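**Q** Just so you know, the protein sequences line up as chains A and B, in that order.
Each residue of the first sequence is one higher than the one before, starting from 1 at the first, in our numbering.
Each residue of the second sequence is one higher than the one before, starting from 1001 at the first, in our numbering.
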Amino acid sequence: MSSPVIPEIKRDHIMNLLAKGQREDGRGKSDLRAIKIDAGCIESADGSARVKIGKTEVIAGVKILPGTPFPDSPDVGVLTTGAELIPMAHGSFESGPPGEDAIELARVVDRGIRESGMVDVKKLCITVGEKVWMVFIDIYALDYDGNLFDAASLAAVCALKNAKVPSSQYGAGDDMPLPITCIPVSITAAKLGNDLIIDPNFDEEAISSARLTVTTDDNGNFRAMQKGGKGSITRAELSRSLDMAVEKGKEIRKIIG
Amino acid sequence: MSGHSDMILVDEKGMRIDGRKADEHRHVHIEAGVLSNADGSAYLEIGKNKVLAAVYGPRECHPRHMQDPTKAIIQCKYNMQAFSVSDRKRPGPDRRSIEISKIIAEALEKVVLTELYPRASIDVYIEILQANAGTRCAGLTAASVALADAGIPMRDIVPAIAAGKADGHVLLDLNKEEDNYGQADVPIAIVPSTDEIVLLQMDGNMTREEFDKAVDLAFGACHEVYDIQKAALKKRYDARMKQEESE
């Protein structure tokens, strides 16, 4: 993927501000943008959420259908996450099947949800070996101003949190809320020069050399991580990212409620 | 990480099922220059993993719109062969291999002097012949040696290894069983001369203390793998020098 071109004058401006501990939009290095969550906005979905982090906007929908379990886990429900970077969200996104960026995004979101055990998939069995609930999470970027990882994670988590298993529709008893055990929250840090900032916007992301997404659970334990970008991070930067993921994770967990 | 915590993977003496201690990696064997057509190549075994890496380039960047007028791009294809796992793997790229290809290419960007070859492409092919947990690290380790074997200018070579947690213990270089029934996996690649991290992933469940211990183990092992990489390259060039002298 070719990285977006940012005018040098803009790059210098961002870096000069950062040297003073400031950012273009008035935030400090470890401040999140304003978060808005509209949960349950889509009635045709079994769970949904539209999330804004600053100007970045993402919608996630959950569809739950009965299906056949995998042969090696006959009594366990199935969880699948997909993401699309549709052309509506940014001039650089192209239509067509998901590219490597969309695939990485979906897999990082999936990892946080799966590894934290957020959805108790063992409670999603209908008939052992025959029928289990299959939970499909589909994420679409609507408006892209950086940090899709955290926006997509947040949207997916909120959509799952308000999802209902449509049992009655399939003659499998009463509808029930999706069994949720914990709330995974991801925090992404970007490296600009030798500075580390969280929740990068588009311009910051474009001039960053590396990013690190860290997903924590309710106890502040680490459940998933992904380093991205062509640059490197030091152990000190890794350590700082972990601290911020725990601290800011608490902040977001309060907003989710 | 399915996390079957009832599985005994470490005995009371701290010995693992394949006879290793917690901080021991599997035996690593690397051979440089094993293919004739590729500009550079390497074969690597770590435990039961068998991996081939080949490098072509710098050469003309094929999809022209991908060209970068300021530097070469690195394109990586990580592929698991159909017979490399116990079930047959459906041939062709899947979401997992696309993600792994992307992060390996990004890790190599840091060390390759791409600015020397504007508009060119450096193509890295990684084929997993036999998989036994840790193939992305094995593939990246082999790819670094193949790049050096191709004579591509680099700041350093990149070793990679995973640490993780199984049976409640923090372990280095998980094998298949430890990966399947363990609680966490942390693949890491570093630039040994500066100790910078160029690849890092984590899944599972770890406290800060456990994670820090895993990173310590992986850093130590990366430096050991680095020595094996360098030895493989030296052996390759000693052989070539002798051949040239005798001609």
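Just so you know, even glycine gets a beta-carbon here, dropped at the ideal spot from N, CA and C.
These figures come from a predicted structure and were not determined experimentally.
#1: Please confirm whether A/Glu198 and A/Leu32 have their CB atoms less than 8 angstroms apart.
#2: With distance defined between alpha-carbon atoms, name the residue in A/Val108, A/Ala189 and A/Asp175 nearest to A/Leu156.
#3: If we define contact as Cβ-Cβ less than 8 angstroms, is A/Gly129 a contact residue for chain B?
#4: Report the partner residues of A/Lys36 according to the DSSP bridge assignment.
#5: In chain B, which residues lie less than 7 angstroms from A/Gly231 when you measure between Cβ atoms?
#6: Return helix, strand or coil for A/Asn194, following the three-state DSSP convention.
#7: Who are A/Thr80's beta bridge partners in DSSP?
#8: Tell me the DSSP bridge mates of B/Val1145?
#9: Nearest chain A C-beta to B/Asp1039 closer than 8 angstroms, yes or no?
#10: Establish whether the CB of B/Asp1179 and some CB of chain A are separated by less than 8 angstroms.
#11: Just verifying my parser: in three-state terms, what is the DSSP assignment at B/Arg1026?
#12: Take the Cβ of B/His1025 as the centre, count every other Cβ of all protein chains shown within 10 Å, and call the residue buried at 16 or more, exposed below.
#13: Quick one: is A/His13 buried, meaning 16 or more other Cβ sit within 10 Å of its Cβ, or exposed?
#14: With burial defined as no fewer than 16 other Cβ atoms inside 10 Å of the residue's Cβ, what is the status of B/Leu1116: buried or exposed?
#15: Tell me the residue span of the beta strand (DSSP E) that contains A/Gly146.
#16: Buried or exposed: where does B/Tyr1125 fall if 16 or more other Cβ atoms within 10 Å of its Cβ makes it buried?
#17: Should B/Ala1232 go down as buried or exposed, given a rule of 16 or more other Cβ atoms within 10 Å for buried?
#18: Could you check if B/Ser1002 is buried or exposed, using at least 16 other CB atoms within 10 Å of its CB as the buried criterion?
#19: If we ignore side chains and look at the alpha-carbon of each, how far apart do A/Val62 and A/Gly77 end up?
#20: Which residue from A/Ile233, A/Leu148 and A/Thr127 puts its Cα closest to that of B/Gln1201?
#21: Expressed to the nearest angstrom, what Euclidean distance is found between the alpha-carbon atoms of A/Lys55 and A/Asn201?
#22: For B/Glu1099, does the count of other Cβ atoms within 10 angstroms reach 16, so buried, or fall short, so exposed?
#23: Say whether the region 127–135 of chain A touches the region 29–44 of chain A, bearing in mind that this needs 3 or more beta-carbon pairs closer than 8 angstroms, one atom from each stretch.
#24: Return the CA-CA distance between B/Ser1084 and A/Val214, expressed in angstroms with no decimal places.
#25: Classify B/Ile1128 as helix, strand or coil using the three-state DSSP reduction.
#26: Assuming B/Ala1184 and B/Gly1168 make a contact with CB atoms under 8 angstroms, what is their CB distance in whole Å?
#27: Between B/His1029 and the rest of its own chain, which residues show a CB-CB distance below 6 angstroms, the 5 nearest in sequence each way excluded?
#28: Return yes when the Cβ of A/Glu115 is within less than 8 angstroms of the Cβ of A/Ala224, no when it is not.
#29: Report the rounded CA-to-CA distance for B/Ala1107 versus A/Ala172, giving the unit in angstroms.
#30: Can you tell me the Cα-Cα spacing of B/Tyr1226 and B/Pro1159, whole angstroms?
#31: List in chain order: all unbroken beta strand (DSSP E) runs of 3+ residues lying wholly within the region 1031–1110 of chain B.
#32: Under 8 angstroms, with one C-beta from each stretch per pair, do the region 1146–1157 of chain B and the region 1049–1062 of chain B reach the 3-pair mark?
#33: Quick one: does B/Met1154 have its CB under 8 angstroms from some CB of chain A?
#34: Going along the region 102–125 of chain A in order, which residues come within less than 7 angstroms of chain B, judged by CB to CB distance?
**A** This is what the structure gives:
#1: Reading the sequence as shown, one finds Ile at residue 198 of chain A and not Glu. Using a Cβ distance threshold of 8 angstroms, A/Ile198 and A/Leu32 count as a contacting pair.
#2: The displayed chain sequence assigns Ala, not Leu, to residue 156 of chain A. Ranking the options by Cα distance to A/Ala156, first place goes to A/Val108.
#3: No - not a single Cβ of chain B is within 8 angstroms of the one on A/Gly129.
#4: Partner(s): A/Lys52.
#5: Neighbours of A/Gly231 on chain B, chain order: Lys1110.
#6: Note: A/Asn194 maps to coil in three-state DSSP.
#7: Per the DSSP secondary-structure output, A/Thr80 pairs in a beta bridge with A/Phe136.
#8: DSSP output for B/Val1145 lists no bridge partner at all.
#9: It does not; no Cβ of chain A falls within 8 angstroms.
#10: Not one chain A Cβ lies under 8 angstroms of B/Asp1179.
#11: Residue state for B/Arg1026 is assigned as coil, using DSSP reduced to three classes.
#12: Counting Cβ neighbours within 10 Å, B/His1025 comes out buried, since at least 16 surround it.
#13: Exposed: under 16 other Cβ atoms inside 10 Å.
#14: With a 10 Å radius around the Cβ and a threshold of 16 neighbouring Cβ atoms, B/Leu1116 comes out exposed.
#15: Per DSSP, A/Gly146 is not a residue of any beta strand (DSSP E), being assigned neither H nor E.
#16: The residue is buried, with at least 16 neighbouring Cβ atoms inside 10 Å.
#17: Flag for B/Ala1232 reads buried.
#18: Any answer about B/Ser1002 is weak, because its pLDDT of 48 lies below 50 and its placement is not dependable; what the coordinates show is given next. Burial state of B/Ser1002 is exposed, judged by a 10 Å Cβ sphere holding fewer than 16 other Cβ atoms.
#19: Taking the straight line from one Cα to the other gives about 14 angstroms.
#20: Among A/Ile233, A/Leu148 and A/Thr127, the Cα nearest to that of B/Gln1201 belongs to A/Ile233.
#21: Cα to Cα, A/Lys55 sits roughly 9 angstroms from A/Asn201.
#22: B/Glu1099 should be labelled buried.
#23: Segments in contact, no.
#24: So the two alpha carbons sit approximately 31 angstroms from each other.
#25: Note: B/Ile1128 maps to strand in three-state DSSP.
#26: The pair is not a contact, with the Cβ atoms about 11 angstroms apart (cut-off 8 angstroms).
#27: Taken in chain order, the residues that qualify are Glu1045.
#28: Yes, the Cβ-Cβ distance between A/Ala224 and A/Glu115 is below 8 angstroms.
#29: Straight-line Cα distance between these residues: approximately 49 angstroms.
#30: The C-alpha of B/Pro1159 is placed about 5 angstroms away from the C-alpha of B/Tyr1226.
#31: If we require 3 residues or more, the beta strand (DSSP E) runs fully inside the region 1031–1110 of chain B come out as 1040–1046, 1049–1060 and 1073–1080.
#32: Verdict: yes, contact present.
#33: For B/Met1154, the answer is no, since every Cβ of chain A falls outside 8 angstroms of its Cβ.
#34: The residues in question are Ile103, Glu104, Arg107, Arg111 and Glu115.
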